[in-house]
Amino acid sequence: MKSEDLRRVVLQMTDDGMSSCQIAKQLRKVVSDRTVRWWQHLYKTTGINDFKIPTGRPRIIRTKHLIRKVKQRFTYKGRRSARQLSKSLGVSRGTMGRIIREDLPLHTYPVTTQPNLQDYHKQRRISFTYWVRKSLRKKDHRKILFTDEKYFGLNGIFNRQNDRVYAPSRQEADEHGGIKPISKFPKRIMVLLGTCKNGLTTPIIFEPGETLTHSNYIEVVLPHALAEGRHLLGDDFIYQQDNATPHTHKNSLAWIKNKFTRFIDENKWSPNSPDLNILNYYVWDAIGHNMHWEKVKNYNSLIEEIKQGISRVPKTGVVRNVKNWSSRILSILKTKGAYVK
């Protein structure tokens, strides 16, 4: 019998009310009375039935008391940095890192942002999901042409947490790309795009400084969306737009009702809901990360990289997100209108 199995037998007999002498008599020539008493003492004082003796020297800094104190700090004081904890508790940052990673264990996650949904927004989101389930069949979800617009600037994408340069000193880091110049008023271009189960539409890239108004929305965007929707999905496609002011202008709505056979009007689509538009939660990020920002020097190079970034978006990712759109609708109902990550 292995020592672990023997220990379990001894502890089971202890739970049955047997004394150490009685256990030693029944297990004579197997375990001594002294060992039985030691196991019983550890079991009664700690409540643990695994008494493996750790190898190596005993801990003097990273003790159970310190680990418990760190856990309490995270539990009751919320957001704390490892640097602050190590300084307040008088231990090194390496020790604090091992406590956090190995003993607790905890992992760091970046703070994410999401729309501040009020009760009114949540109710509108729930109403929209009910309308989708009642008015659209599941196969109709794949006939929706999602549209949205976004600004792309000459500054590109900058992530303070992830964009790092390894160098012996700050001076050498600055000489090898450690400085990111940021304009106070960055130059940017608006891009309008659509997506569906069959891929992305041809983008509309506005002139530098040009914004979206109801006039150019009617003259340029809507005819382009109508042609692209018919090309990708056929005449029976469903046009989607958000509740931006140019979209809900009376002339824009009149044009849509006259030309589009099926569309999601402003009373149905829920406001403040980027998590329901595939462009917002997948396509725009995919375009930005597929652009070679080091090549962007002026407007012409920015426009060229935007086109290249759009062409590099994997179609499989677009198709997957279109298929998963139905599950997002159900998630809104399950979470009572909460934001879907």
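Following my numbering, the numbering of the sequence shown begins with 12 at its first residue and continues without gaps. For each residue, glycine too, the CB sits at the ideal point set by N, CA and C. Note that the structure is a prediction, hence the values are computed from the model and not measured.
Let me confirm a value: residue i is counted as buried when at least 16 other C-beta atoms fall within 10 Å, else exposed. Which label applies?
| i | result |
| --- | --- |
| residue 50 | buried |
| residue 131 | exposed |
| residue 159 | buried |
| residue 193 | exposed |
| residue 324 | buried |
| residue 168 | exposed |
| residue 220 | exposed |
| residue 300 | exposed |
| residue 97 | buried |
| residue 225 | buried |
| residue 228 | buried |
| residue 83 | exposed |
| residue 253 | buried |
| residue 196 | exposed |
| residue 281 | buried |
Go through its chain and collect everything with a Cβ distance to residue i's Cβ below 8 Å, but skip five positions before and after it.
| i | result |
| --- | --- |
| residue 292 | 285, 286 and 332 |
| residue 349 | 128, 133 and 343 |
| residue 239 | 156, 205, 212 and 213 |
| residue 176 | 184, 187, 188 and 189 |
| residue 256 | 225 |
| residue 347 | 133 and 137 |
Cβ atoms of residue j and residue i: under 9 Å apart, would you say?
| i | j | result |
| --- | --- | --- |
| residue 304 | residue 315 | no |
| residue 87 | residue 156 | no |
| residue 205 | residue 329 | no |
| residue 207 | residue 279 | no |
| residue 223 | residue 271 | no |
| residue 267 | residue 276 | yes |
| residue 81 | residue 115 | yes |
| residue 94 | residue 104 | yes |
| residue 298 | residue 144 | no |
| residue 232 | residue 203 | yes |
| residue 77 | residue 42 | no |
| residue 191 | residue 174 | yes |
| residue 179 | residue 283 | no |
Only counting the same chain, and skipping five residues up and downstream in sequence, which positions put a Cβ closer than 7 Å to that of residue i?
| i | result |
| --- | --- |
| residue 235 | 215 |
| residue 48 | 31 |
| residue 326 | 210 |
| residue 313 | 163, 165, 200 and 307 |
| residue 44 | 31, 32 and 35 |
| residue 122 | none |
| residue 91 | 84 and 85 |
| residue 217 | 200 and 201 |
Grab me the residues of residue i's own chain with a C-beta within less than 6 Å of its C-beta, minus the 5 sequence neighbours each way, in chain order.
| i | result |
| --- | --- |
| residue 152 | 336 and 337 |
| residue 343 | 136 and 140 |
| residue 25 | 51 |
| residue 351 | 286, 339 and 342 |
| residue 310 | 219 |
| residue 198 | 165 |
| residue 320 | 298, 301 and 302 |
| residue 273 | 249 |
| residue 117 | 111 |
| residue 318 | none |
Under 8 Å from any heavy atom of the ligand NAD, does the C-beta of residue i make it?
| i | result |
| --- | --- |
| residue 129 | In terms of ligand content, the structure shown is empty, and the ligand NAD therefore cannot be addressed. |
Can we say the stretch 256-269 touches the stretch 288-302, given the rule of at least three CB pairs closer than 8 Å? no
Specify whether the stretch 325-340 and the stretch 179-194 touch according to this definition: at least 3 beta carbon pairs, one from each stretch, less than 8 Å apart. Result no; under three Cβ-Cβ pairs closer than 8 Å.
Jot down the residue ranges of each uninterrupted beta strand (DSSP E) in the stretch 143-220, minimum 3 residues, whole runs only, in chain order. When DSSP assignments are scanned along the stretch 143-220, the uninterrupted stretches of beta strand (DSSP E) that are 3 or more residues long and fall wholly within it turn out to be 155-164 and 199-207.
Can you find at least 3 beta carbon pairs, one from the stretch 228-244 and one from the stretch 140-152, that sit closer than 8 Å? no
Cβ pair count under 8 Å reaching 3, the stretch 104-111 against the stretch 71-91: Enough Cβ pairs lie closer than 8 Å, so yes.
With a floor of 4 residues, list each alpha helix (DSSP H) that falls wholly inside the stretch 230-295, ordered by position along the chain. 233-244, 256-259 and 261-270
Which residue spans inside the stretch 20-44 form an unbroken alpha helix (DSSP H) run of at least 4? 31-37
Along the chain, which unbroken stretches of the alpha helix (DSSP H) at least 4 residues long are found entirely within the stretch 294-323? 295-300 and 310-322
I'd like the ranges of any alpha helix (DSSP H) spanning at least 4 consecutive residues and lying wholly in the stretch 94-126. 104-109
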